[in-house]
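Heads up, the sequence shown is in my numbering, so the first residue is 5 and it goes up one at a time. So the structure is just underneath, and the comments pick up after that.
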Amino acid sequence: MVNSVDTRLSAAETAGVLAAFDEWNAALATGDPWAVIAKYTRDGMLIPTLSEDVCTCPSDLHAYFVVFLAKLPQGTLNEYNIRLEAVDRLGEPLVVSNSGIYTFEFGEEGAKPATARFTFLYKRVGTEWRIHQHHSSLMPEL
């Protein structure tokens with residue numbers, strides 16, 4: 005596993021970004037689509053792993069997560085690369101990306117794990133990191 009972190013981010017900021025993934029993953033475990041959607045900004049967007057549809061509004065996200073959560077997913081970060089993308093007027097991190105590879109195990113009987121490439125673009129909302137854009141695509145079979 006190769007992980008990298010932008011040196012402009014503090015250890016606390018990096019931990020916050022990694023915690024945002026853990027919180028999203030914990031929301032998946034609730035089985036509640038609205039709990040997952042709460043981890044996104046109000047205008048958050050998802051290009052999902054297991055659908056051809058791009059989710060650009062809460063109703064799109066809800067429709068996707070109803071189906072995805074039925075598979076009982078739990079994700080593990082295999083590799084991450086955290087980068088500072090934008091700062092606010094005071095120079096504090098405002099937008100941070102985390103890209104890499106993750107694997108989902110599914111509790112649904114007979115389901116195979118899915119390894120995918122991901123990018124989360126997090127935007128700071130108050131004191132929380134919320135997902136503003138999320139892209140996930142299955143790893144190609146070579």
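All residues carry an ideal CB built from backbone N, CA and C; glycine is no exception.
#1: Measure the CB-CB distance between H136 and G48 and report whether it falls below 9 Å.
#2: Taking all protein chains shown into account, decide if A31 is buried (16 or more other Cβ within 10 angstroms of its Cβ) or exposed.
#3: Classify N7: buried if its beta carbon has 16 or more other beta carbons within 10 angstroms, exposed otherwise.
#4: Enumerated in chain order, which unbroken segments of the beta strand (DSSP E) with a length of 3 residues or greater are wholly contained in the segment 85-139?
#5: Sort out for me which residues DSSP pairs E83 with in a bridge.
#6: Please name the residue in R134, E89, E56 whose C-alpha comes closest to that of R46.
#7: In the DSSP assignment, what residue or residues form a beta bridge with S8?
#8: Which residue or residues does DSSP assign as beta-bridge partners of P77?
#9: Along the chain, where does the alpha helix (DSSP H) containing L32 start, and where does it finish?
#10: Who are S55's beta bridge partners in DSSP?
#11: Name, in chain order, the residues that DSSP records as bridge partners for M49.
Working from what's here:
#1: yes
#2: A31 counts as buried, since no fewer than 16 other beta carbons sit within 10 angstroms of its beta carbon.
#3: exposed
#4: Secondary structure within the segment 85-139: the beta strand (DSSP E) runs of 3 or more consecutive residues, fully enclosed, are 97-110, 118-129 (chain order).
#5: I105
#6: R134
#7: According to the DSSP secondary-structure assignment, S8 is paired through a beta bridge with N85.
#8: Partner(s): F110.
#9: That run of the alpha helix (DSSP H) goes 15-34.
#10: Bridge partners of S55 according to DSSP: none are assigned.
#11: Q137
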